[in-house]
Amino acid sequence: MEYSSTQIAAEGANITHMDAKFYKAAAHGHTKILEQMSEDDIRFQLTPKKNTILHIAARFGQSDCVEWILHFHQCSSLLRQPNLKGDLPLHIAAREGHFEMVNALVCAAKALNEEMESGVDADKAMLRTMNLEKETAFHQAVRYHHPQVVEFLIEEDPEFTYGANVRGQTPLYMAVERGFGDLVDMIISSCTSAAHTGILGRTVLHAAIASNDQGLTKKILEWKPALTKEVDENGWSPLHCAAYLGNITIVRQLLEKSDKHVVYLGLKDSNKTALHIAASQGHMDVVKELVSHFPDCCEQVDNEGNNALHLVMTGMNKHDAEGFLRDQWLSSRELINEMDHEGNTPLHLLAQSQLDIFLFPSDRKVDKMTFNNENLTAMDIILSTKDLHGDKGSILRRLRNAKASVGPLGWQKVIKEKGDRSKSKEQGMVEDKQTSALKRRGEIHLIVATLIATVTFAAGFTLPGGYNDEGGDQGMAILTKSAAFKAFIVTDTTALVLSVSAVCVYFFTALHVRKAFLIKLLIWGFLLTNLAMVAMVVAFMTGLYAVLPHSSGLAPATCALCCCFFIFFCYTCKKFINS
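Going by the working numbering, the letters in the sequence shown line up with residues 768 to 1346, in that order.
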C-alpha cells in the first residue's frame, strides 16, 4: 500500500531528521553503513523536504541500495511514499536519467505482487502516480531528455494515456516543444493513445510550427492530420502560426493536409484569418500561396472591416506590396478601393503610414478621390502632416502626378492655415519692433551706467586730501582716520560695484531676443543704475565734507545742497510709480 505523507504526520513523534552519515551512505551506495540503521530509522528518518533514504538512493542512482532497503517488509511502502512535492523515488530516478535505478524500482514493485483497490498492479500504480505538478515519472524523463528511460517506461505501460500537467503540457507536447525528435518518434509510434495538448489550448502541431521545425511538423501531420483544425484559446490555428512566422514550406505542408475551412478561420478577438496575419507581417509569398489555393479568402475582412491590403498598408516595414497589383486574385478594384469601418481605403492608410509603395498611388485602379467618414481624401491626410519629407513627400508627388486633389475640407484647412500664417507674421513683426525699441533704451541706460562707473573708478584713485609724501606712512591717504573719509570710500566703492553690475546686465540684453526676458533685464539694470547714482552723490558729499574746513560753513552748505538731489530723486520715483 501507499505510505502517504498523512500517515507520516500521524506518526510525527517517530520522525527524525536524517543522520548525515546515512545520507552520504545512500548517496554513495555504501550498504555496510546502511546496515547500522534499524527498520524504524529507514522508515522515519527524513530530510527537510520529506525525502526518505530511498529518495536519496534514487537521486544518486544507487540501485544496489534498493534491494537492501526493501528486504524489510515494512519498508516496501517507501516505493510509493511521496516527499513534500509529491515525488516518488521513481520520479527522482527518471528525472536524473538513472536507467538502472528506474528498472530496479519497477522490478521491486512487481515483486510485491500487491493488488490495489482499483485492481491495478503495484508497478502500474507507481508508474501512473502523479506529483503535485500532476507529472508522472514519464513526464520527468521526457522533460530532461532521457531516451533510454522513456523507452523503458513506454514498454512497461504502453496503454496508459499520460495526461497534461498543471500547466497543460503532455509528455508529447514537451518533447515537441523542446525539439526532441527521437522522443516524439518513440511516443507516437509506441503509445496507443498519446495525448497531444499543451498550454493555452495549443496542440503539439502548434508547438512544432512555433519551433519552425519542418521535420517535426511533417511527422505530426502524418500521425494526426486532424490537428490542423485545432485552435488554441485565442483562436490561433496552426495555419495562423505558420503565416505569422512566414515559413512557406510549413504553410504548404498544412495546406496539403488541411480542410478548406481552416483558411477561413478567424481569431477570437479580431476575426483575422491566416491571410490577414501574413499580410500584416509582410509575408507576400505566404499571401500568394494562400490565395492561389483559395482565391475567395481575400474577400474576408476582420472585425474592423480591413481586408488583407489594408493590413499591408499599416505595416511599418517596406514590404513587397506591389505583388498585390500584379496578382490576378488580389488586384481587383473591389479590394483595392474597399473601405473599412472608418471609411478608409488602403490608399488612406498608406497616406497615414510611413510606407512608400512605388506603384500603388499611381495605379489606374486606385480611386484617389474617395472620401472616408471624416470627408477626407488621401491627399488631405498627407497635407495635414507637418513633416512632408521622406516617404510622405514621395507619396504626395506621386498623387499629384496622378492628378489627385484635395477635398473641400482640405481647401478650408489650407485657407485657414494661410490666414493663421499671415496673423502670425504680422504679430512677429510687431514683436520685432518692440524688441528693437527695448534694446535702444538699454543702450541709453548703458551710457549712464558706464559714466557712473568711470567717475567712481577715477575718484577711487584721486582720494580727497591726497597722500603722505614723508615718513613711514608714505603713499597712504592723509585722511585715513577721518569718519567722513571712510564714508567716502565705502559709498564710492558701492557706486562702482552697482554701476559695473548694471553695465553687465545691459550687456546681456544684446544676447537675448525674447521680449519678456529683455524687460526683466532692463528693470534690473534701471534699479542698479539708480542705486549707483545715489551712492555716487553720497560719496561726493562725504568727500567734500572730509576736505573742507568745518568752521567756514562750506561743508554744511555743500551737504545741504546734495540733499536736494535726494528730495528730487524721491519725488521722481513717486511720480514714476504712480504713473
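Glycine is no exception: its CB is placed at the ideal position from the N, C-alpha and C atoms. Quick caveat: nothing in here was measured; it's all calculated off a predicted structure.
Could you tell me which of Arg1131, Asp854, Ala977, Thr970 sits nearest to Gly935, measuring between CA atoms?
Translated into the one-based positions of the sequence shown, residue 935 becomes position 168. Its Cα nearest to that of Gly935, the residue Thr970 stands out among Arg1131, Asp854, Ala977, Thr970.
Can you have a look at Tyr1338 and say buried or exposed, based on whether 16 or more other CB atoms are within 10 angstroms of its CB?
Counting from 1 along the sequence shown, the entry for residue 1338 is found at position 571. The residue in question, Tyr1338, is exposed, as its Cβ has fewer than 16 Cβ neighbours within 10 Å.
Under the assumption that Met941 contacts Val909 (Cβ atoms under 8 Å), give the Cβ distance between them as a whole number of angstroms.
One-based indexing of the sequence shown puts residue 941 at position 174. One-based indexing of the sequence shown puts residue 909 at position 142. At roughly 5 Å, the Cβ-Cβ gap stays under 8 Å, so Met941 and Val909 are in contact.
Residues that DSSP places opposite Leu813 in a beta bridge
Locating residue 813 in the sequence shown gives position 46, counting from the first residue. As DSSP reads the structure, Leu813 sits in a beta bridge with His784.
Which same chain residues end up closer than 6 Å to Gly1157 when comparing Cβ atoms and leaving out the 5 residues on each side of it in sequence?
Translated into the one-based positions of the sequence shown, residue 1157 becomes position 390. Residue placement at Gly1157 cannot be trusted, given a pLDDT of 46 that sits under 50; the coordinates are not used to answer.
I need the straight-line Cα distance from Val1215 to Phe1336, nearest angstrom please.
On the sequence shown, position 448 is the one that residue 1215 refers to. On the sequence shown, position 569 is the one that residue 1336 refers to. Taking the straight line joining both Cα atoms gives about 16 Å.
Let me check understanding here. Comparing Cα to Cα, which of Asp888, Met1308, Glu1105 lies closest to Ala1324?
Numbered from its first residue, the sequence shown carries residue 1324 at position 557. Ala1324 has its Cα closest to that of Met1308, out of Asp888, Met1308, Glu1105.
Simplified DSSP state of Thr964, which is helix, strand or coil:
Stepping through the sequence shown from its first residue, residue 964 is reached at position 197. Judged by DSSP in its simplified three-state form, Thr964 adopts strand.
Reference Ala825, options Gly1072, Asp1259, Gln848, closest by Cα:
Residue 825 sits at position 58 when you count from the first residue of the sequence shown. It is Gln848 whose Cα lies nearest to the Cα of Ala825.
Please go through the same chain and pick out, in chain order, the residues whose beta-carbon is closer than 7 Å to the beta-carbon of Trp990, but skip the five residues on each side of it.
Counting from 1 along the sequence shown, the entry for residue 990 is found at position 223. Same-chain partners within the cutoff: Ile955.
Which of the three DSSP states is assigned to Thr1040 in this structure?
Counting from one through the sequence shown, the residue named residue 1040 turns up at place 273. Correct three-state label for Thr1040: coil.
Pick out whichever of Phe1275, Asp1259, Ala1225, Thr1223 has its Cα sitting closest to the Cα of Leu1213.
As a working note, residue 1213 is residue 446 in the sequence shown. When only C-alpha atoms are compared, the closest one is Phe1275.
Beta-carbon proximity of Ala1262 to Ala1302, cut-off 8 Å
One-based indexing of the sequence shown puts residue 1262 at position 495. One-based indexing of the sequence shown puts residue 1302 at position 535. Yes; because the gap between Cβ atoms is below 8 Å, this pair is in contact.
Start-to-end residues for the alpha helix (DSSP H) that takes in Phe919
Reading the sequence shown from its first residue, position 152 is the one you call residue 919. Phe919 -> alpha helix (DSSP H) spans 914 to 923.
Taking the Cβ atom as the reference point for each residue, do Ile1044 and His1007 lie within a distance shorter than 8 Å?
Counted from its first residue, the sequence shown places residue 1044 at position 277. Counted from its first residue, the sequence shown places residue 1007 at position 240. At a Cβ-Cβ threshold of 8 Å, Ile1044 and His1007 count as neighbours.
If you count every other CB in all the chains shown that lies within 10 Å of the CB of Lys1039, and 16 or more means buried, which is it?
Along the sequence shown, read from residue 1 onward, the residue named residue 1039 stands at position 272. Lys1039 should be labelled buried.
Cβ neighbours of Pro1231 in the same chain (closer than 8 Å, five flanking residues each side left out)
Translated into positions along the sequence shown, residue 1231 becomes position 464. So the qualifying residues of the chain are Leu1246, Phe1252, Phe1255, Gly1310, Leu1311, Ala1313, Val1314.
Cβ neighbour criterion (16 or more within 10 Å) applied to Pro1316:
Here residue 1316 refers to the residue found at position 549 of the sequence shown. The C-beta of Pro1316 has fewer than 16 other C-beta atoms within 10 Å across all chains shown, which makes the residue exposed.
Under the three-state reduction of DSSP, which class applies to Thr995: helix, strand or coil?
Walking along the sequence shown from the start, residue 995 turns up at place 228. When DSSP states are grouped into helix, strand and coil, Thr995 belongs to the helix group.
State the Cα-Cα distance for the pair Leu1328 and Ala1306, rounded to the nearest angstrom.
Start at 1 with the first residue of the sequence shown, and residue 1328 comes out as number 561. Start at 1 with the first residue of the sequence shown, and residue 1306 comes out as number 539. The alpha-carbon atoms of Leu1328 and Ala1306 are separated by roughly 14 Å.
Is it right to say Ala860 is buried, meaning 16 or more other beta carbons lie within 10 angstroms of its own, or is it exposed?
Looking up residue 860 in the sequence shown gives position 93. Classification of Ala860: buried, given that the 10 Å Cβ count is 16 or more.
For Asp1026, three-class secondary structure by DSSP:
The residue labelled residue 1026 in the question sits at position 259 within the sequence shown. Here Asp1026 sits in coil by DSSP.
DSSP state of Asp1094, grouped into three classes?
What you label residue 1094 is simply residue 327 of the sequence shown in a count that begins at 1. DSSP places Asp1094 in the coil class of the three-state scheme, outside both helix and strand.
Can you have a look at Glu922 and say buried or exposed, based on whether 16 or more other CB atoms are within 10 angstroms of its CB?
Walking along the sequence shown from the start, residue 922 turns up at place 155. Exposed, because fewer than 16 other Cβ atoms sit within 10 Å of the Cβ of Glu922.
Could you tell me the boundaries of the alpha helix (DSSP H) in which Gln829 lies?
As a working note, residue 829 is residue 62 in the sequence shown. Neither: Gln829 is in no alpha helix (DSSP H) and is coded neither H nor E.
Taking contact to mean at least 3 C-beta pairs separated by less than 8 Å, is the region 1007 to 1020 in contact with the region 1061 to 1070?
With a cut-off of 8 Å, the region 1061 to 1070 and the region 1007 to 1020 do not count as touching, because too few Cβ pairs lie within range.
Could you tell me the alpha carbon to alpha carbon distance between Asn1084 and Ala1046, rounded to whole angstroms?
Here residue 1084 is taken as the residue at index 317 of the sequence shown, counted from 1. Here residue 1046 is taken as the residue at index 279 of the sequence shown, counted from 1. Unreliable placement is indicated for Asn1084, whose pLDDT of 49 sits below 50; no coordinate value is reported for it.
Which of helix, strand or coil does DSSP assign to Asp854?
As a working note, residue 854 is residue 87 in the sequence shown. Judged by DSSP in its simplified three-state form, Asp854 adopts coil rather than helix or strand.
For Asp888, which three-state DSSP category applies?
Within the sequence shown, the letter at position 121 stands for residue 888. In the structure shown, Asp888 adopts extended strand secondary structure according to DSSP, grouped into three states.
Alpha-carbon spacing of Tyr911 relative to Thr937, whole angstroms:
Position 144 of the sequence shown, counted from the first residue, corresponds to residue 911. Position 170 of the sequence shown, counted from the first residue, corresponds to residue 937. Cα atoms of Tyr911 and Thr937: separation of roughly 14 Å, rounded to the nearest angstrom.
Which listed residue (His865, Ala892, Ser1004, Phe1127) has its alpha carbon closest to that of Ala876
On the sequence shown, position 109 is the one that residue 876 refers to. Distances from the alpha-carbon of Ala876 to those of His865, Ala892, Ser1004, Phe1127 put Ala892 closest.
Would you decide whether Tyr1031 is buried or exposed? Buried here means 16 or more other CB atoms lie within 10 Å of its CB.
For the purposes of this step, residue 1031 is taken as residue 264 along the sequence shown, with counting starting at 1. Exposed, because fewer than 16 other Cβ atoms sit within 10 Å of the Cβ of Tyr1031.
My output table needs one value for Thr896: the three-state DSSP class, helix, strand or coil.
Your numbering for residue 896 matches position 129 in the sequence shown. In this structure, Thr896 counts as coil in the three-state DSSP scheme.
Which whole-angstrom value is the C-beta distance of Gly1033 and Gly982, which I expect to be below 8 Å?
To locate residue 1033, count along the sequence shown from 1; it is residue 266. To locate residue 982, count along the sequence shown from 1; it is residue 215. Taking 8 Å as the upper bound for CB-CB distance, Gly1033 and Gly982 are not in contact here, some 30 Å apart.
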